[in-house]
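Just so we're aligned: 28 in full-length UniProt numbering is position 28 of the sequence shown, and the numbers increase by one with no gaps anywhere.
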Amino acid sequence: MIEHRRIAHSLVWSTVALGALALTGCATTDKGGSSNLPTPDAYAELRDARGADRGRVDIFRDSSGLRLEVVARGFGPGTYGMHVHAVGQCAAPDFSSAGPHWNPTGAQHGRDNPMGAHHGDLPNLVVESGMIGRATLHMVGSRLTGEGGLLDADGAAFVIHAGPDDMRTDPAGNSGGRVACGVIATPAG
Numbered sequence: 001m002i003e004h005r006r007i008a009h010s011l012v013w014s015t016v017a018l019g020a021l022a023l024t025g026c027a028t029t030d031k032g033g034s035s036n037l038p039t040p041d042a043y044a045e046l047r048d049a050r051g052a053d054r055g056r057v058d059i060f061r062d063s064s065g066l067r068l069e070v071v072a073r074g075f076g077p078g079t080y081g082m083h084v085h086a087v088g089q090c091a092a093p094d095f096s097s098a099g100p101h102w103n104p105t106g107a108q109h110g111r112d113n114p115m116g117a118h119h120g121d122l123p124n125l126v127v128e129s130g131m132i133g134r135a136t137l138h139m140v141g142s143r144l145t146g147e148g149g150l151l152d153a154d155g156a157a158f159v160i161h162a163g164p165d166d167m168r169t170d171p172a173g174n175s176g177g178r179v180a181c182g183v184i185a186t187p188a189g
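In structure tokens:
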């Protein structure tokens with residue numbers, strides 16, 4: 001009987017160890033470490049005014065420009081404006097150090113603007129429940145480096161606003177205060 005308990009005990013711990021090993025093999029890393037996911041060309045770690053983690057934006061070069069994968073945490077249900085801002089700074093409490101929207105072509109604001117939107121204009125983030133919002137965004141014609149690129153001498157930042165962008169009002173879309181900000185950086189490596 002004691003031998004059966006030892007075998008059963010060994011089987012349970014072997015199963016737990018194998019399960020943990022399997023989960024470790026499926027794990028990913030947010031910072032481009034060892035995972036099966038592609039390493040982003042750039043990223044922004046989003047923080048609120050208190051410095052709390054509010055998510056991450058991974059930026060990838062693609063054939064049309066840039067693709068952004070946004071995961072925002074800690075937001076209540078609602079709609080939030082998102083923009084790329086022209087300066088790579090995120091000084092709390094209001095993140096005004098991030099400057100105006102990134103606008104390398106001098107265009108007007110608003111995805112619904114008949115004159116066309118500038119490069120820093122992005123669709124709204126919709127958070128339905130669970131305090132997490134996810135979005136895949138395409139910045140057609142935008143580039144990360146080089147003339148007119150995001151990562152120029154003063155960098156750039158990704159900002160989430162307190163309310164929705166109305167997609168028309170120039171220069172900022174009437175989207176309210178800046179509630180989360182992340183400096184856009186390239187992965188070490």
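Glycine residues also receive a C-beta, built at the ideal position from the N, C-alpha and C atoms.
Note that the structure is predicted; figures quoted are calculated from it, not measured.
| Asked | Found |
| --- | --- |
| Whose C-beta lies closer than 6 Å to the C-beta of leucine 68 among residues of the same chain, with five residues either side of it excluded? | Val57, Ile59, Leu137 |
| Could you check where the beta strand (DSSP E) with alanine 44 kicks off and where it finishes? | 42-47 |
| Could you tell me which of Val126, Ala91, Ala157 sits nearest to alanine 42, measuring between CA atoms? | Ala157 |
| Tell whether a beta-carbon distance below 8 Å holds between isoleucine 132 and valine 84. | no |
| Are histidine 161 and glycine 176 close, meaning C-beta to C-beta below 8 Å? | yes |
| Following the continuous beta strand (DSSP E) through glycine 65, name the residue where it begins and the one where it ends. | 65-73 |
| Please state if the CB of glycine 55 and the CB of arginine 73 are separated by a distance shorter than 8 Å. | yes |
| Which residues in the same chain as tryptophan 102 place their Cβ atom closer than 7 Å to its Cβ, once the five residues preceding and following it in sequence are excluded? | Val84, His85, Ala86, His119, Gly120, Leu150, Ala156 |
| The beta strand (DSSP E) that contains phenylalanine 60, what's its start and end? | 53-62 |
| Take cysteine 26 and list the residues in its own chain whose beta-carbon comes closer than 7 Å to its own, dropping the five residues that flank it on each side. | Annotation note: pLDDT 39 at cysteine 26 (below 50); position unreliable, no value reported. |
| Residues in its own chain within less than 6 Å of threonine 186 by CB, not counting five upstream and five downstream? | Ala42 |
| Using the three-state DSSP reduction, which class does alanine 153 fall into: helix, strand or coil? | coil |
| Can you look up alanine 135 in the DSSP assignment and give me helix, strand or coil? | strand |
| Pick out whichever of Ser63, Arg50, Ala188, Asp48 has its Cα sitting closest to the Cα of residue 202. | With the chain covering only 1 through 189, there is no way to say anything about residue 202. |
| Considering only the beta carbon of each residue, do valine 127 and phenylalanine 75 sit closer than 8 Å? | yes |
| Could you give the distance in angstroms between the alpha-carbon of glycine 92 and the alpha-carbon of alanine 107? | Rather than glycine, the amino acid found at residue 92 in this sequence is alanine. So the two alpha carbons sit approximately 28 Å from each other. |
| State buried or exposed for alanine 44, treating a residue as buried only when at least 16 other CB atoms are found within 10 Å of its CB. | buried |
| CB leucine 37 to CB glycine 182, shorter than 8 Å? | no |
| Rounded C-beta distance between asparagine 124 and aspartate 154? I'm assuming under 8 Å. | No, asparagine 124 and aspartate 154 are not in contact; Cβ-Cβ is about 26 Å, not under 8 Å. |
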